[in-house]
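Anchor point for the sequence shown: position 292 equals 314 in my numbering, and the numbering is continuous, going up by one each time. Cβ atoms here follow ideal geometry from the backbone N, Cα and C, with glycine treated the same way. Owing to the predicted nature of the structure, the values given are computational and were not obtained by experimental measurement.
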Amino acid sequence: DLTLIMAKVGNYAELQEAWEAWHNSVGRKERELYIPFVQLLNKSATINGYDSVKDVWLANYEMDNITDVVDAVWQEVEPLYKKLHAFVRMKLKTLYADHQLPKDGTIPAHLLGNMWAQTWTNLYTSLSSGSPLDVSEELVKQGWNASKMWKTAEDFFTSIGLPQMTDAFWEKSVMTKPKDRDIVCHASAWDFYDPPDFRLRLSTFRASLIFAKLMYEKEIHFISLRGPPLLKYGFERSNFILCLNLSENLQLKKEEKKLFFFIFAIGSPSFTDPIDELLLKALEKVAFLPFGLLLDKWRWSIFTGETPYEEMNRKFWELR
23 DLTLIMAKVG NYAELQEAWE AWHNSVGRKE RELYIPFVQL LNKSATINGY DSVKDVWLAN
83 YEMDNITDVV DAVWQEVEPL YKKLHAFVRM KLKTLYADHQ LPKDGTIPAH LLGNMWAQTW
143 TNLYTSLSSG SPLDVSEELV KQGWNASKMW KTAEDFFTSI GLPQMTDAFW EKSVMTKPKD
203 RDIVCHASAW DFYDPPDFRL RLSTFRASLI FAKLMYEKEI HFISLRGPPL LKYGFERSNF
263 ILCLNLSENL QLKKEEKKLF FFIFAIGSPS FTDPIDELLL KALEKVAFLP FGLLLDKWRW
323 SIFTGETPYE EMNRKFWELR
């Protein structure tokens, strides 16, 4: 499994081979599909009165200067990112002493624990002596399965007054990877617009409990919309939903710590130092910021025609 290979630290050649093979195989094929996809999106945008898909996406924020705001926020965060980048590079330089890192100060993407180098959390144990608060290993030891993990997520939401998930959810969701066929492994929640048919797909049990709760939250959101007719569903502002999700995340983190103490009732768990928890969060959130920004800037430039299709790859690495 390429995801597991990229998450490992230490074998430079294996990581490089996996990274290059995947990008050469998938990237070139997807390019031929992506171009007509963009054309269809832009056609839909113009039919609805927009110049391009970029305008459709940004209209959701109801701010004429949203791109300027994003750039200004990034300028504030960039010094912190550069410090994190320098720290990680210093550690990787020691870990891969037999391989010289680029002299321009960059970090090869295949060394960052993720196929897209978008988050660096898989590097944590190699960067810090602390132990992240992760109950996954103990859950496996105690015989937890996917169903029990999702039931625990449901217990959390029902405890704060939200509805139980539907019978169809439990019958039709994919909670572990099927043995008889290949499926897309990326976790997602689905509303089939036929209440009570709400489902999720997560093809591995190796997920933290907090992630299970966040995925389950999407299904709760679908259930809350099942009253109005489909054409009246509407969509909330992305920034508003993000604020709700972040506040929910903080509460879930507290709940996960309570569960951690419960599971490790026998013995004394060794928690990380506050600085270690901050490092782990930085590897997840701060490391992602420039990736998310460059990805949007890249797509915007394609949507508007600023970047010709034959220059898409060059533009991506220019921003990268």
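Beta-carbon proximity list for residue i, same chain, < 7 Å, skipping 5 on both sides
i, result
"I324", "V60, M334"
"L305", "T141, W142, T143, L145, Y146"
"S74", "N64, A67, F325, T326"
"N46", "none"
"L347", "An answer regarding residue 347 cannot be provided, because it is not within the stretch 23 to 342 covered by the chain."
"I88", "L80"
"S150", "D298, L301"
Beta-carbon proximity of residue i to residue j, cut-off 9 Å
i, j, result
"I129", "V110", "yes"
"T198", "L224", "yes"
"F338", "T141", "no"
"A175", "F220", "no"
"L133", "Y118", "yes"
"V196", "L222", "yes"
"M28", "M171", "no"
"L3", "W96", "Summary: the structure shown does not reach residue 3, with the chain confined to residues 23 through 342, and so no result is reported for it."
"F313", "A139", "yes"
For residue j and residue i, the rounded distance between their alpha carbons
i, j, result
"L302", "Y56", "34 Å"
"A40", "K51", "17 Å"
"G127", "I297", "25 Å"
"P200", "E328", "43 Å"
"E193", "P58", "36 Å"
"E54", "A43", "18 Å"
"L24", "A209", "16 Å"
"V92", "D202", "45 Å"
"K319", "D90", "12 Å"
"N82", "N70", "14 Å"
"A168", "D204", "19 Å"
"L317", "R336", "13 Å"
"L161", "G49", "36 Å"
"D213", "L26", "29 Å"
"E84", "L62", "24 Å"
"G165", "K173", "14 Å"
"G6", "D86", "What the structure shows of the chain is the stretch from 23 to 342, and residue 6 is not part of that stretch, so it cannot be assessed."
"A94", "K125", "29 Å"
"E332", "A211", "34 Å"
"A287", "K163", "Note that A287 scores a pLDDT of 46, beneath 50, so its modelled location is shaky; the value from the coordinates is reported in the next line. A287 and K163: Cα-Cα distance of roughly 14 Å."
According to DSSP, residues forming a beta bridge with residue i
i, result
"V196", "R223"
"W44", "Answer is none; W44 lacks a bridge partner."
"D213", "F220"
Cβ shell of residue i (< 6 Å), same chain only, five flanking positions each side left out
i, result
"P330", "none"
"L253", "The pLDDT assigned to L253 is 47, lower than 50, so where the model puts this residue is not dependable; a value taken from the coordinates is nonetheless given after this. Around L253: no qualifying Cβ."
"V31", "S148"
"V78", "A67, Y72"
"Y34", "Y118, H121"
"K76", "W322, F325, T326"
"A131", "A139"
"P291", "Note that P291 scores 44 on pLDDT, short of 50, meaning its location in the model is unreliable and no value can be drawn from it."
"F257", "Bear in mind that the predicted position of F257 carries a pLDDT of just 49, short of 50, making it unreliable; the figure below should be weighed with that in mind. Correct list: empty, nothing qualifies."
Rounded distance between the beta-carbons of residue j and residue i, thought under 8 Å
i, j, result
"L123", "K115", "5 Å"
Chain-order list of residues whose beta-carbon lies under 8 Å from that of residue i (same chain, five-residue window excluded)
i, result
"K104", "none"
"I182", "none"
"K186", "The question names Lys, but residue 186 is Gln in the sequence shown. Result list for Q186: E176, T180, in chain order."
"L37", "I27, M28, K30, H132, L133"
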